[in-house]
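Everything below concerns the one structure shown next.
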Amino acid sequence: MTDLKDKKTITLISDFNIAPLSGFLKNRLKHSEFLFETAPYGQVYQSLARSSESWLDIIWTLPERVLLGFQKACQLEEVLHEDILAEVDDFSQRLIDVSEKRYVFVAAWHLPANIGYGMLDWRDGLGLSNLLAKCNIRLAEKLSESNNIFMLPTNSWMEGLKNPLSNKMWYAAKIPYDSEVFENAANHIWQYLDAIKGKSRRLVVLDLDNTLWGGVVGENGWQGIRLGGHDHVGEAFKDFQLAIKSLLNRGIQLAISSKNDEGVAMQAIDNHPEMILRKEDFIGWRINWNDKAVNIAELADEINLGLESILFIDDNPAERSRVSDALPEVLVPDWPEDPSMFVETLNSLCCFEGTTITKEDRARTSLYIAERNRREIKGSVKNNDSWLRRLDTNVTVRPVNSSNISRVTQLFNKTNQLNLSTRRLSEQEITNWLDDEARSMMAISVTDQFGDMGLVGVIGLEVLGSKGSLVDFVLSCRVMGRQVEETLLHMAVSELARRGASTMEIAYKATERNGPTLQILKNARLEEIEPSVFRVNCKVGYEKPEFVSLNVCED
Amino acid sequence: MRNKEEFEEIIYKCAEELNRQLSEEGKIALEESAAIVGENSSLDSLGIVMLMISIEEHIAHIGISVNIMDVLTESDEPPFVTIGDMSLWLLDQSS
Numbered sequence: 001m002t003d004l005k006d007k008k009t010i011t012l013i014s015d016f017n018i019a020p021l022s023g024f025l026k027n028r029l030k031h032s033e034f035l036f037e038t039a040p041y042g043q044v045y046q047s048l049a050r051s052s053e054s055w056l057d058i059i060w061t062l063p064e065r066v067l068l069g070f071q072k073a074c075q076l077e078e079v080l081h082e083d084i085l086a087e088v089d090d091f092s093q094r095l096i097d098v099s100e101k102r103y104v105f106v107a108a109w110h111l112p113a114n115i116g117y118g119m120l121d122w123r124d125g126l127g128l129s130n131l132l133a134k135c136n137i138r139l140a141e142k143l144s145e146s147n148n149i150f151m152l153p154t155n156s157w158m159e160g161l162k163n164p165l166s167n168k169m170w171y172a173a174k175i176p177y178d179s180e181v182f183e184n185a186a187n188h189i190w191q192y193l194d195a196i197k198g199k200s201r202r203l204v205v206l207d208l209d210n211t212l213w214g215g216v217v218g219e220n221g222w223q224g225i226r227l228g229g230h231d232h233v234g235e236a237f238k239d240f241q242l243a244i245k246s247l248l249n250r251g252i253q254l255a256i257s258s259k260n261d262e263g264v265a266m267q268a269i270d271n272h273p274e275m276i277l278r279k280e281d282f283i284g285w286r287i288n289w290n291d292k293a294v295n296i297a298e299l300a301d302e303i304n305l306g307l308e309s310i311l312f313i314d315d316n317p318a319e320r321s322r323v324s325d326a327l328p329e330v331l332v333p334d335w336p337e338d339p340s341m342f343v344e345t346l347n348s349l350c351c352f353e354g355t356t357i358t359k360e361d362r363a364r365t366s367l368y369i370a371e372r373n374r375r376e377i378k379g380s381v382k383n384n385d386s387w388l389r390r391l392d393t394n395v396t397v398r399p400v401n402s403s404n405i406s407r408v409t410q411l412f413n414k415t416n417q418l419n420l421s422t423r424r425l426s427e428q429e430i431t432n433w434l435d436d437e438a439r440s441m442m443a444i445s446v447t448d449q450f451g452d453m454g455l456v457g458v459i460g461l462e463v464l465g466s467k468g469s470l471v472d473f474v475l476s477c478r479v480m481g482r483q484v485e486e487t488l489l490h491m492a493v494s495e496l497a498r499r500g501a502s503t504m505e506i507a508y509k510a511t512e513r514n515g516p517t518l519q520i521l522k523n524a525r526l527e528e529i530e531p532s533v534f535r536v537n538c539k540v541g542y543e544k545p546e547f548v549s550l551n552v553c554e555d
Numbered sequence: 001m002r003n004k005e006e007f008e009e010i011i012y013k014c015a016e017e018l019n020r021q022l023s024e025e026g027k028i029a030l031e032e033s034a035a036i037v038g039e040n041s042s043l044d045s046l047g048i049v050m051l052m053i054s055i056e057e058h059i060a061h062i063g064i065s066v067n068i069m070d071v072l073t074e075s076d077e078p079p080f081v082t083i084g085d086m087s088l089w090l091l092d093q094s095s
């Protein structure tokens, strides 16, 4: 349990009675590091203007209460949409100001019930539906200026509910929604908080028979499975594959764990004309008759991913139960038997949330396939030096700036193993840290003969008098073991020397998972002046590895 | 023919839903003798309002219209205190 002094405050700000959301969140997160406060009822603008120690503000307002012009529009008075959009701009600016100090979640506006112009309600310049859509779009566009603000999809909290709005509760307690809406909101917000902490699911391990297609390929052959075609069951499986494939574009990776004959299963993947997912979409597979829990643990190990980042989907309850018992960190949802429910079930998991989507995310599967090719070469060459020479690794170093800060923030918050201090920083916190001229931060990109691995590392440096410090050393484990680590040490020492430091100190701060960082520092033959604190003489420098080329860019 | 158990089930269902947003000390015990109004109730005033409205909405689905909040605010002595009392009172109102 987290000490009270270490708890982060989340403040709920609303112009209606938001007690139900507060209650659900407190119960959902009662053993977490969060404390909840509710701002005085109805005082949205005042609460935004007030100074606060809050870590996150959750702002949920009703458009007819927070926008005066919209209130008039609800009375069907003639209003100029542009005037109301100016009110949206003002509201947005206040949120942007707040986001300089803390994270902000803003619920998208939802149309009040039973009002409007009926068949004219979407008419431009007149209808309320049309106006509210414009207001939400304007709000989203304005808020995109800040990476600390996230606009939440209120509609998804109401989907599938028979009566999301509660008139009785509104008149009696100023609560506009049914309690299920607040419960859904709390569940989603809980996932969004995990996303900020870099704890979302990043790998989906899939079964094949009756999960990706209907039927058993080992019995029916690939021509006999149900997938696509003029068949309602086959179409449902095909749609599920499409939904899974779209995850690749969010940076989620796919793998297979199936009890099957590999050759037979691969024939289906390679040859079936309606198959959406092909071999190149999977970063790995275990198609055999072994225990699926062992297979999943092996896959996680192979791509250096923690089990808490994995989602396992299987139609067989016995397999789900086995994996769930053996690997409790893996998310194993109940799975419906009816394939027409698969897409809806996948979407309801809400476990792939991320605070940003970078080009590295979108290319993640191809990056791992390139990595598999590197490993294959490594197995075929005589020694490590020959392998490193053949890789032809090129490291490019650039200052952290507005063009790369999203990815840098992501690395700070997701990297566990190669992370010197495991500082978890928001974009704003990084910017604030860099305000001091004694500090600098550099983003590291790596390419080799197999492709571009993208932005994979960050180093943070500080000079106080003649003493330099390597404050941050964050590197994706994707590039571990190919002398990029030593190249960064060389770079850090050179940069500190250039800025007048005579020594560079590196203080390793242990966490449960960053043991590999200490090993790298020990292997780098640095002087260990006290346990886990290392020093390098900047005048002597640190030699750049022979097989890596280094390119330093000024912008 | 309606019976007390039918209303008791509705009250339990509404109490269970409400409990999901209440703190441990605020939760309603799911038993006939649990006080839901009055000084022995674990609910605060907002909790009572939310529970009563939820019950009103649920019994409306079986065709019974009772304005429980009106009755509670207009009477000096509430007509029920426990879950058991309330289910009997609702049975009486429905007949």
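The listed protein sequences correspond, in order, to chains A and B.
Residues 1 to 555, numbered by this note's numbering, are exactly what the first sequence covers, in order.
Residues 1 to 95, numbered by this note's numbering, are exactly what the second sequence covers, in order.
The beta carbon of each residue, even a glycine, is placed where N, CA and C say it ideally should be.
Since the structure is predicted, the reported quantities are computational estimates derived from the model, not experimental observations.
- At least one beta carbon of chain B lies nearer than 9 Å to the beta carbon of residue 172 of chain A.
- For residue 19 of chain A, the neighbours in chain B by C-beta distance under 7 Å run, in chain order, 46.
- A distance below 7 Å between beta-carbons, with the five flanking residues on each side excluded, links residue 86 of chain B to the following residues of its chain, in chain order: 11, 36 and 80.
- For residue 303 of chain A and residue 50 of chain A, the gap between their C-alpha atoms comes out near 46 Å.
- In chain order, 269 and 270 place their CB closer than 8 Å to the CB of residue 278 of chain A, counting only its own chain and leaving out the 5 sequence neighbours on each side.
- Just measuring C-alpha positions, the residue of A:510, A:434, A:509 and A:411 sitting nearest residue 474 of chain A is A:411.
- In the same chain as residue 177 of chain A, and ignoring 5 residues on each side of it, the C-beta atoms closer than 7 Å to its own belong to 164, 165 and 166, in chain order.
- Between the C-alpha atoms of residue 103 of chain A and residue 56 of chain A there is a straight-line separation of about 5 Å.
- Shown here, residue 399 of chain A sits in a strand according to DSSP, grouped into three states.
- The beta carbons of residue 192 of chain A and residue 91 of chain A sit about 21 Å from each other, so the pair does not count as a contact at 8 Å.
- Residue pairing from DSSP leaves residue 302 of chain A without any beta-bridge partner.
- Residue state for residue 452 of chain A is assigned as strand, using DSSP reduced to three classes.
- Fewer than three Cβ pairs drawn from the region 280-287 of chain A and the region 222-239 of chain A lie within less than 8 Å of each other, which leaves the two stretches out of contact.
- The alpha carbon of residue 145 of chain A has as its nearest neighbour, out of A:186, A:100 and A:170, the alpha carbon of A:100.
- Of all alpha-carbon atoms in A:20, A:333 and A:63, the one lying nearest the alpha-carbon of residue 49 of chain B is that of A:20.
- Less than 9 Å divides the Cβ of residue 207 of chain A from the Cβ of residue 316 of chain A.
- Apart from sequence neighbours up to five positions away, the residues of its chain that approach residue 25 of chain A with a beta-carbon distance below 7 Å are 36, 186 and 189, ordered along the chain.
- Shown in chain order are the members of the region 2-17 of chain B whose Cβ falls below 8 Å from a Cβ of chain A: 17.
- Distance from the Cα of residue 60 of chain A is smallest, within the candidate group A:48, A:308 and A:52, for A:48.
- Under the criterion of beta carbons closer than 8 Å, residue 120 of chain A and residue 126 of chain A qualify as touching, at roughly 6 Å.
- Close CB contacts of residue 553 of chain A within its chain, under the 6 Å cut and outside five residues either way in sequence, are with 398 (chain order).
- Distance from the CA atom of residue 384 of chain A to the CA atom of residue 298 of chain A, rounded to whole angstroms, is 24 Å.
- Shown here is that no member of the region 80-93 of chain B has a Cβ falling below 7 Å from a Cβ of chain A.
- Residue state for residue 72 of chain B is assigned as helix, using DSSP reduced to three classes.
- A direct Cα-Cα distance of roughly 24 Å separates residue 202 of chain A from residue 262 of chain A.
- Neighbourhood of residue 36 of chain A in chain B, by CB distance below 9 Å: empty, with the nearest CB roughly 11 Å away.
- Leaving aside the five residues that flank residue 8 of chain B on each side, the residues in its chain whose CB is nearer than 6 Å to its CB run, in chain order, 87.
- For residue 310 of chain A, the closest of A:328, A:322 and A:318 by C-alpha to C-alpha distance is A:328.
- With respect to chain A, the C-beta atom of residue 25 of chain B has no partner C-beta closer than 9 Å.
- Going by C-alpha positions, residue 226 of chain A is about 54 Å away from residue 97 of chain A.
- With respect to residue 455 of chain A, residue 360 of chain A sits close: the two C-beta atoms are nearer than 9 Å.
- Within the same chain, Cβ atoms closer than 8 Å to the Cβ of residue 541 of chain A are found at 490, 493, 494 and 497, the five residues on either side in sequence being excluded.
- According to the DSSP assignment, residue 240 of chain A belongs to the alpha helix (DSSP H) that extends over 232-248.
- In the structure shown, residue 190 of chain A adopts helical secondary structure according to DSSP, grouped into three states.
- By the Cβ test, the region 456-472 of chain A is in contact with the region 426-440 of chain A, since at least three Cβ pairs between them sit closer than 8 Å.
- Under the three-state reduction of DSSP, residue 364 of chain A is assigned to helix.
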